[in-house]
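Chains as they are written, first to last, in our numbering: chain H, 4 to 114; chain F, 21 to 136.
Glycine included, every Cβ here is placed at the ideal spot set by N, Cα and C.
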Amino acid sequence: DQQVKQNSPSLSVQEGRISILNCDYTNSMFDYFLWYKKYPAEGPTFLISISSIKDKNEDGRFTVFLNKSAKHLSLHIVPSQPGDSAVYFCAARVTGNQFYFGTGTSLTVIP
Amino acid sequence: GAGVSQSPSNKVTEKGKDVELRCDPISGHTALYWYRQSLGQGLEFLIYFQGNSAPDKSGLPSDRFSAERTGGSVSTLTIQRTQQEDSAVYLCASSLGATGQNQPQHFGDGTRLSIL
Chain H
4 DQQVKQNSPS LSVQEGRISI LNCDYTNSMF DYFLWYKKYP AEGPTFLISI
54 SSIKDKNEDG RFTVFLNKSA KHLSLHIVPS QPGDSAVYFC AARVTGNQFY
104 FGTGTSLTVI P
Chain F
21 GAGVSQSPSN KVTEKGKDVE LRCDPISGHT ALYWYRQSLG QGLEFLIYFQ
71 GNSAPDKSGL PSDRFSAERT GGSVSTLTIQ RTQQEDSAVY LCASSLGATG
121 QNQPQHFGDG TRLSIL
């Protein structure tokens with residue numbers, strides 16, 4: 004039972020444009036949401052997070068949006084850079100510290 | 021400072037053998053997690069240690085899998101009588117803080133396990 008879903012396995016964006024990565028979840032008990040970035044042969048690297056009491060969190064070029072009513076999370080990267088090319092995972096935590104991860108979206112930023 | 025360290029980085033073994041995977045978390049991190057990622061799949065939770073509390077083993081797929089965390093630091097994941105479906109990348113993560121605190125996990129680079 005996949006509680007966190009990333010329905011787009013891949014995304015290609017032109018350098019300088021906005022990248023929007025999406026994530027849907029089913030468990031209304033999730034209270035903390037995160038995005039991780041992963042390069043080949045490396046572990047995931049934490050990128051940005053948001054608590055369920057907020058609807059937006061911004062860090063430089065990265066903004067995470069949370070729509071609790073729609074159970075939807077998104078990551079915006081603007082402007083996109085070639086170095087952003089990686090696999091992005093969304094994750095969500097149930098109170099008690101168990102985390103659930105999506106299957107990832109592979110982002111390619113075209114120079 | 022040192023990140024999460026996992027060893028070995030790659031392991032190839034024959035079906036039926038036992039394997040041990042090691043994770044050295046970031047110093048001071050009280051929470052430690054094991055995940056596995058099979059080809060084309062997301063991260064599958066295996067086990068979670070928090071301080072001196074009993075571990076959450078709810079993600080272990082069978083009784084061939086076990087994990088220990090000695091002294092609240094280094095953890096070992098053991099897979100007995102390995103099967104081909106155990107082939108995956110095994111990832112360890114640690115985080116600072118107790119249950120409920122909003123602390124991200126920091127991952128190691130994983131152990132790529134291949135069962136022949």
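DSSP three-state assignment for residue i, whether helix, strand or coil
| i | result |
| --- | --- |
| E34 of chain F | coil |
| E18 of chain H | coil |
| D87 of chain H | helix |
| E105 of chain F | helix |
Beta-carbon proximity of residue i to residue j, cut-off 9 Å
| i | j | result |
| --- | --- | --- |
| S83 of chain H | S22 of chain H | yes |
| N25 of chain H | T108 of chain H | yes |
| V67 of chain H | S88 of chain H | no |
| V7 of chain H | G62 of chain F | yes |
| L97 of chain F | A51 of chain F | no |
| L133 of chain F | Y55 of chain F | no |
| A22 of chain F | S47 of chain F | yes |
| K71 of chain H | D58 of chain H | yes |
Assigned exposure category for residue i - 16 Cβ within 10 Å defines buried
| i | result |
| --- | --- |
| G63 of chain H | exposed |
| N100 of chain H | buried |
| Q123 of chain F | buried |
| Y39 of chain H | buried |
| G128 of chain F | buried |
| P45 of chain F | buried |
| H75 of chain H | exposed |
| I99 of chain F | buried |
| G71 of chain F | exposed |
| Y28 of chain H | buried |
| L78 of chain H | buried |
Residue span of the beta strand (DSSP E) that contains residue i, given as start and end
| i | result |
| --- | --- |
| T66 of chain H | 65 to 70 |
| L78 of chain H | 75 to 80 |
| L41 of chain F | 39 to 44 |
| R132 of chain F | 131 to 135 |
| A51 of chain F | 51 to 57 |
| Q5 of chain H | Run containing Q5 of chain H: none; DSSP gives neither H nor E here. |
| L50 of chain H | 48 to 54 |
| K59 of chain H | 59 to 62 |
| Q101 of chain H | 101 to 104 |
| D34 of chain H | 33 to 41 |
| A87 of chain F | 85 to 89 |
| E64 of chain F | 63 to 70 |
| T111 of chain H | 108 to 113 |
| L97 of chain F | 95 to 99 |
| S25 of chain F | 25 to 27 |
Same chain, Cβ closer than 6 Å to residue i, five either side skipped, listed in chain order
| i | result |
| --- | --- |
| V60 of chain H | Checking the sequence shown, residue 60 of chain H turns out to be Asn, not Val. Closer than 6 Å at the Cβ level, and outside the excluded window around N60 of chain H, lie I53, V67. |
| S55 of chain H | D34 |
| K37 of chain F | T102 |
| T106 of chain H | Q9 |
| F102 of chain H | A94, R96 |
Cβ shell of residue i (< 8 Å), same chain only, five flanking positions each side left out
| i | result |
| --- | --- |
| T98 of chain H | M32, D34 |
Contact set for residue i: own chain, Cβ-Cβ below 7 Å, skip 5 residues either direction
| i | result |
| --- | --- |
| A108 of chain F | R56, Q57, S58, L133 |
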